[in-house]
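Q:
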Amino acid sequence: MMMRHDPMMAIQADLMRRVDSLAGERGHVSALRLHDEVDQIRHIARAFHLDEVEGLASTLESALSLHGLGPVVLSYLDRMRDAIGAHALPSIMPAPLGSALAPLRA
1151 MMMRHDPMMA
1161 IQADLMRRVD
1171 SLAGERGHVS
1181 ALRLHDEVDQ
1191 IRHIARAFHL
1201 DEVEGLASTL
1211 ESALSLHGLG
1221 PVVLSYLDRM
1231 RDAIGAHALP
1241 SIMPAPLGSA
1251 LAPLRA
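Mind the numbering: the sequence shown is residues 1151 to 1256 in our numbering, read in order.
#1: What is the rounded straight-line gap between the Cα of Leu1204 and the Cα of Gly1177?
#2: So, is Leu1206 buried or exposed, given that buried needs 16 or more other C-beta atoms within 10 angstroms?
#3: Hey, out of Ile1161, Asp1156, Ser1171, whose CA is closest to His1193's CA?
#4: Going along the chain, which residues of its own chain have a beta-carbon closer than 6 Å to the beta-carbon of Glu1202, five neighbours each way excluded?
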């Protein structure tokens, strides 16, 4: 069976890649670049109605403006990763057949 490409899954994968990239570069990325990347994440999240991700990105932008590159960055990136995952679509694996769910009998 052929699966159709789901644009929302692609958006979620892109957001996750962006968040993971920022987390991996922590300590090696300028505050300006981090702010720009978080702003892009916020815009994408807004465009696709991922409100929790958008809110976290907005709050992180504010924290960066006030406090710069502090330990709070990784906490927000972790929370964004969780929020993106919470919006992930169900697995593409088909549901088991009824007979597969029946208990085994000896």
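Glycine is no exception: its CB is placed at the ideal position from the N, C-alpha and C atoms.
As the structure is a computational prediction, the values presented were derived from the model and not from experiment.
A: According to the structure data:
#1: In the sequence on display, residue 1204 carries Glu and not Leu. Taking the straight line from one Cα to the other gives about 23 Å.
#2: buried
#3: Ile1161
#4: Ala1233
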